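*Asks:* Quick one: structure below, then a few questions.
Residue numbers (the working numbering): 7 to 188.
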């Protein structure tokens, strides 16, 4: 009986320590990846600004090529929106809306994941002598829930590789000799 009591007290102590530590964890999470693409800025910008182009480069479209997509609003730019529906556990269901679009400079998006909090993503485009520098940033507020805050510590490791694949896919699209803005 003493052994069970010690195990119980140890587990309770561990839970209390994890709870106390969670109060000091950040609730805001940021994931950032950057790549320089050897292509003109207008071409790179249009690949991101026109949501139907995402099927060519988005890392999540490659995970589930069978996902269902629907589009709303304009073809691209502010208020363009697409919804995705997938049974793949790494994709799920959700929507993405372009909330701001500054030609050849910046695109802001809002992502809504079914059953999750919203995420904000930003794409910055900077012309450089080597091509176009693209910075893809995602921000999310994990709230005050201790479990969500611990989950937030893993976001960079989980989403960062997807961003890297997406930027590499985008590179493959825009660096083709036949690539043209749509």
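Virtual Cβ for every residue (Gly too), placed ideally from N, Cα, C.
Keep in mind the model is a prediction, meaning the values are calculated, not measured.
Name, in chain order, the residues that DSSP records as bridge partners for residue 177.
*Replies:* Per DSSP, none; premise fails for residue 177.
*Asks:* Relative to the alpha-carbon of residue 91, which residue among 84, 101, 85 has its alpha-carbon at the smallest distance?
*Replies:* Looking at the Cα atoms, 101 is the closest of the given residues.
*Asks:* In terms of alpha-carbon separation, which member of 152, 81, 39, 49 lies closest to residue 181?
*Replies:* Checked all of 152, 81, 39, 49; the closest Cα to residue 181 is 49.
*Asks:* Which residues does DSSP list as the beta-bridge partners of residue 119?
*Replies:* Note: residue 119 sits in a beta bridge opposite 100.
*Asks:* On the three-state DSSP scale, how would you describe residue 93?
*Replies:* Residue 93 falls in the coil class under three-state DSSP.
*Asks:* Are residue 141 and residue 127 close, meaning C-beta to C-beta below 7 Å?
*Replies:* Not in contact: residue 141 and residue 127 (Cβ atoms no closer than 7 Å).
*Asks:* Looking at the secondary structure, which residues open and close the alpha helix (DSSP H) in which residue 47 lies?
*Replies:* Note, residue 47: alpha helix (DSSP H), 47-55.
*Asks:* Among the residues of its own chain, which have a CB less than 8 Å from the CB of residue 108, if the five just before and after it don't count?
*Replies:* Hits under 8 Å: none found.
*Asks:* Name the one or two DSSP bridge partners that residue 9 has.
*Replies:* DSSP, once it has assigned bridges, lists no residue as partnering residue 9.
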